[in-house]
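Residue numbers (the working numbering), protein chains in the order written: chain A, 837 to 959; chain B, 837 to 959.
2 protein chains.
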Amino acid sequence: MRIGKVAERAGVSVRALRYYEEQGLVIADRSPSGHRRYPESAVERVKFIQLLYAAGLASKAIRQILPFLDTLVATPQMTRRLMDERARIRVQIDALTRAQDRLDELIRLSAEYENAPATCSAT
Amino acid sequence: MRIGKVAERAGVSVRALRYYEEQGLVIADRSPSGHRRYPESAVERVKFIQLLYAAGLASKAIRQILPFLDTLVATPQMTRRLMDERARIRVQIDALTRAQDRLDELIRLSAEYENAPATCSAT
DNA sequence: CTTGATCCTCACGTTGACGTGAGGTTCTAG
DNA sequence: CTAGAACCTCACGTCAACGTGAGGATCAAG
Chain A
837 MRIGKVAERA GVSVRALRYY EEQGLVIADR SPSGHRRYPE SAVERVKFIQ
887 LLYAAGLASK AIRQILPFLD TLVATPQMTR RLMDERARIR VQIDALTRAQ
937 DRLDELIRLS AEYENAPATC SAT
Chain B
837 MRIGKVAERA GVSVRALRYY EEQGLVIADR SPSGHRRYPE SAVERVKFIQ
887 LLYAAGLASK AIRQILPFLD TLVATPQMTR RLMDERARIR VQIDALTRAQ
937 DRLDELIRLS AEYENAPATC SAT
């Protein structure tokens, strides 16, 4: 498959795919003229990469984790990285949840203000 | 209170506090010699700012929200911003949760590999 | 054969929340 | 009164995941 099709089906930019290759996350072989050729599996692989990026993992972390998908061989570094990132994500979810709760408070207060009759300018 | 003390008590760097002032998030008056003077309330304010930064809000968004804490007057922009950011945070939590689940899968597989007797080199 | 879509490789630009000196002033404890 | 801690204002550096041309080759269709 050519790069444009992979980009379309995985929902990323062509530039992003070239960047992933530069980072060693996706390996593409080349046609005689130098155009990248991807296997079908690349689409799912890229989607997975996007999932991890969206969770705040850096290229380096993803690079350490991805080989496991190919070989199903877990080195100690890979296992450690998996658990580290999982822990980090949990911490991040907790922080987001706290922020969400605080925003909910403010939204409630805001709604109360909107409904306060004496302070409404109109009507 | 002086900037160093605020930084220590709020758990941020002195540089960060100057940056917050530059962004209009924390207003400090000055001593005759030009040193920043903060009220006690600044510590809580900065902690709240940190909470929002940790949740991925940008300075601009925080700047739109913060006046509500002071005046308890909600403009339509503030209410909209509050709800937009809340929605964004929810989406982000969902993404993180999906990533967490995927990592859990991999961690399980990794553990199974570790326990596979035939593939252990030692012993 | 030609034309428009798609691809290639550089390589610099972007963004945000600070870090990090440089060079100088002010405060405070002894 | 003096040294060191703490403060000040520039102002450039950082880092990551791409965006965005520049300038050119290749491919698919008519």
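Note that the Cβ used here is the ideal one computed from N, Cα and C, for glycine as well.
Determine, using beta carbons only, whether residue 897(A) comes closer than 7 Å to chain B. no
Mapping DSSP to helix, strand and coil, what is residue 995(A)? The requested residue 995(A) does not occur in the structure, where chain A is confined to residues 837 to 959.
At the level of alpha carbons, what is the spacing between residue 851(B) and residue 918(B)? 27 Å
Would DSSP call residue 838(B) helix, strand or coil? Here residue 838(B) carries a coil assignment [DSSP, helix/strand/coil].
Can you check whether the CB of residue 935(B) is closer than 7 Å to the CB of residue 891(A)? yes
Thinking C-beta only, is residue 897(A) closer than 7 Å to residue 904(A)? For residue 904(A) and residue 897(A), no; Cβs fall outside 7 Å.
Range of the contiguous alpha helix (DSSP H) that encloses residue 897(A): 895–901
Members of the stretch 933–945 of chain B near chain A, C-beta cut-off 8 Å: 933, 934, 935, 936, 938, 939, 940, 942, 943 and 945
In chain A, which residues lie with their C-beta within 9 Å of the C-beta of residue 880(B)? Result: empty, since nearest Cβ-Cβ is about 12 Å, beyond 9 Å.
Given this structure, state the Cα-to-Cα distance separating residue 882(B) from residue 921(A), to the nearest angstrom. Roughly 27 Å separates the two Cα atoms.
Strand pairing of residue 865(B), partner residues [DSSP]: 873(B)
Chain A contact for residue 891(B) (CB, 7 Å cutoff): Judged by the 7 Å Cβ criterion, residue 891(B) is in contact with chain A.
Can you grab the Cα-Cα spacing for the pair residue 873(B) / residue 907(A), in whole Å? 59 Å
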